[in-house]
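Everything below concerns the one structure shown next.
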Amino acid sequence: MKATGIVRRIDDLGRVVIPKEIRRTLRLREGTPLEIFTDREGEIILKKYSPMAELGSFAKQYADSLAQVSGHMVCITDRDQIIAVAGGKKEQLGKAISKQLEQLILNRESVTAVREDKKYVSIIAGEAEEYTCQVIYPIICEGDAIGAVALMGKDARIKMGEVEQKLAAAAAGFLGRQMES
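So the number in my numbering is just where the residue sits in the sequence shown, counting from 1, plus 448.
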């Protein structure tokens with residue numbers, strides 16, 4: 449654990465203010481759900497709650513199947529990070545998503561684009577990507593946008609089309625319904 453040197457007092461209602469710098473760094477906004485843990489040494493640990501994390505191994509299996517069928521790299525994300533990867537670099541797992549992708553999820557928009565398009569969205573925050581085309585579809589659960597399914601291709605000769613759009617939409621719909629049950 450990393451010490452920040454910041455000390456806060458608990459107010460009369462039991463609240464503690466998380467400093468603005470930490471909220472900005474961790475992308476915590478008003479309404480962001482936090483999970484609370486305690487350990488034996490009396491430490492309190494706050495962790496961003498991701499309902500999609502419950503689907504971790506299931507999402508991985510789904511991504512593997514989708515990558516095998518489509519021949520493209522598949523990423524499944526929550527609103528903060530990549531929770532499953534197949535058909536590509538495994539080290540992308542757990543990396544923060546880009547602000548562009550986060551905004552796309554919040555706006556419940558789907559995208560089909562090639563890199564030259566203005567609509568093209570970077571998946572991982574702060575990383576240059578070698579993908580030439582993409583389809584991204586938001587995962588909706590009980591009316592909330594909770595993540596996205598992204599199919600990406602490296603071959604500049606191949607364009608993503610209706611088949612890839614339907615695959616991403618079906619995957620997102622299925623994962624959203626899995627979260628509801």
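Glycine included, every Cβ here is placed at the ideal spot set by N, Cα and C. It should be emphasised that the depicted structure is a prediction, and the values quoted were computed from it without experimental measurement.
Where LYS496 is concerned, the enclosing beta strand (DSSP E) starts and stops at 492-496. According to the DSSP secondary-structure assignment, TYR585 is paired through a beta bridge with VAL597. Restricting attention to ALA617, ILE588, CYS581, ALA596, the CA atom closest to the CA of LYS602 is found in CYS581.
Counting along the chain, no beta strand (DSSP E) covers ALA515; the unbroken alpha helix (DSSP H) around it starts and ends at 504-518. DSSP, read as helix, strand or coil, puts GLU483 in strand.
In the structure shown, VAL465 falls within a coil segment according to DSSP collapsed to helix, strand and coil.
ALA604 sits in coil when the DSSP states are folded into three classes, being neither helix nor strand. Burial of LYS543 is indicated by the presence of at least 16 other C-beta atoms within 10 angstroms of its C-beta. By the CB criterion at 8 Å, LEU599 and GLU610 fall outside the cutoff. Between the stretch 483-501 and the stretch 546-565 there are fewer than three C-beta pairs closer than 8 Å, too few to call the two in contact.
By the neighbour-count criterion, in which a residue is buried when 16 or more other Cβ atoms sit within 10 angstroms of its Cβ, GLU628 is exposed.
Here ARG456 is near VAL464, since their CB atoms are less than 8 Å apart. Of the candidates ALA593, GLY535, GLY574, MET608, GLY574 places its Cα closest to the Cα of LYS547. Going by beta carbons, ARG527 and GLU550 fall inside the 8 Å limit.
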